[in-house]
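> Okay, handing you the structure first.
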Amino acid sequence: AQSVTQPDIHITVSEGASLELRCNYSYGATPYLFWYVQSPGQGLQLLLKYFSGDTLVQGIKGFEAEFKRSQSSFNLRKPSVHWSDAAEYFCAVGATGGSYIPTFGRGTSLIVHP
Amino acid sequence: GAVVSQHPSRVICKSGTSVKIECRSLDFQATTMFWYRQFPKQSLMLMATSNEGSKATYEQGVEKDKFLINHASLTLSTLTVTSAHPEDSSFYICSARDPRRGGDTGELFFGEGSRLTVL
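Protein chains in written order, with the working numbering: chain A, 1 to 114; chain B, 115 to 233.
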């Protein structure tokens, strides 16, 4: 079974600073990987996804993530954070050829200081 | 993108009453929908998989008699919390796969969530 680890519960950055949120996964084959964002009291919105091909994927709102098979990681990055990026971020892994029910990490809460 | 709508967004009820939450796929047909529960500052806990025209599949530890799931059509799944108690207070989120878009990859489209408060 697949699993996802988001080692950081909280991340605090200043507005305009760069951001990297970490995600490590465990899965025996090439996974499908996702990053979702959740604003307070809202559902989840897909930021980006990796299925195959180019390991650097671009998403919405200026986010990108890089799939590194050797490190089993799929870290989310943004070069310059805006105050509106403050939210909860979830990494998820979907199994290939299986039940395709994704497994979510516990989430990382992003706090943005002005 | 695919749109999933959830209603109501907030509901307050008295202990012992039942509450129904609806989840609709607005622009696609969803044979499968998923219901999650989220505690404050925690991740999503999958409660059950809702299957159109058949019984829902519940995750271990989830009481099927407490959380009734009905998937009567290809665009609607409902979660009914029966005889609700304060410990059932939580944020409930539904999601669905869009078979036209990443349906077999695990990509999900989420509703807005429903905040249930049981007094």
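Glycine included, each C-beta is placed from N, C-alpha and C at the ideal position.
Any beta carbon from chain B within less than 8 Å of A:Tyr27's own beta carbon?
The residue labelled residue 27 of chain A in the question sits at position 27 within the first sequence. No, its Cβ sits nowhere closer than 8 Å to a Cβ of chain B.
> Could you compute how far the alpha carbon of B:Ile126 sits from the alpha carbon of A:Thr30?
Numbered from 1 along the second sequence, position 12 holds the residue referred to as residue 126 of chain B. Numbered from 1 along the first sequence, position 30 holds the residue referred to as residue 30 of chain A. About 44 Å.
> Using the Cα positions of A:Ser39 and A:Ala87, report the straight-line distance between them to the nearest angstrom.
The residue given as residue 39 of chain A occupies position 39 in the first sequence. The residue given as residue 87 of chain A occupies position 87 in the first sequence. Taking the straight line from one Cα to the other gives about 5 Å.
> Rounded C-beta distance between A:Ser3 and A:Thr103? I'm assuming under 8 Å.
As a first step, residue 3 of chain A must be located in the first sequence, where it is residue number 3. As a first step, residue 103 of chain A must be located in the first sequence, where it is residue number 103. Confirmed, about 6 Å.
> Less than 8 Å between CB atoms is the rule here; does B:Phe142 satisfy it with respect to chain A?
Counted from its first residue, the second sequence places residue 142 of chain B at position 28. No, no contact with chain A.
> Quickly, what does DSSP pair B:Val176 with across the bridge? List them, please.
In the second sequence, counting from the first residue as 1, residue 176 of chain B sits at position 62. Per DSSP, none; premise fails for B:Val176.
> Got a sec? Which residues, its chain only, sit under 8 Å from B:Asp202 by beta carbon, not counting five neighbours each side?
On the second sequence, position 88 is the one that residue 202 of chain B refers to. The residues are Lys180, Val195, Leu230, Val232.
> Does DSSP put A:Gln115 in a helix, in a strand, or in coil?
A query on residue 115 of chain A cannot be resolved here, the shown segment of chain A reaching from 1 to 114 and no further.
> Sort B:Leu188, B:Ser164, B:Thr189 by Cα distance to B:Lys178 and report the nearest one.
Position 64 of the second sequence, counting from 1, holds the residue named residue 178 of chain B. For the residues B:Leu188, B:Ser164, B:Thr189, the minimum Cα distance to B:Lys178 belongs to B:Ser164.
> Have a look at A:Leu56 and A:Glu66 and give me their C-alpha separation to the nearest angstrom.
On the first sequence, residue 56 of chain A is found 56 positions in, with the first residue counted as 1. On the first sequence, residue 66 of chain A is found 66 positions in, with the first residue counted as 1. Cα-Cα distance, rounded: 4 Å.
> Taking Cβ to Cβ, would you say B:Phe205 is nearer than 8 Å to B:Gln152?
Within the second sequence, numbered from 1, the residue matching residue 205 of chain B stands at position 91. Within the second sequence, numbered from 1, the residue matching residue 152 of chain B stands at position 38. Yes.
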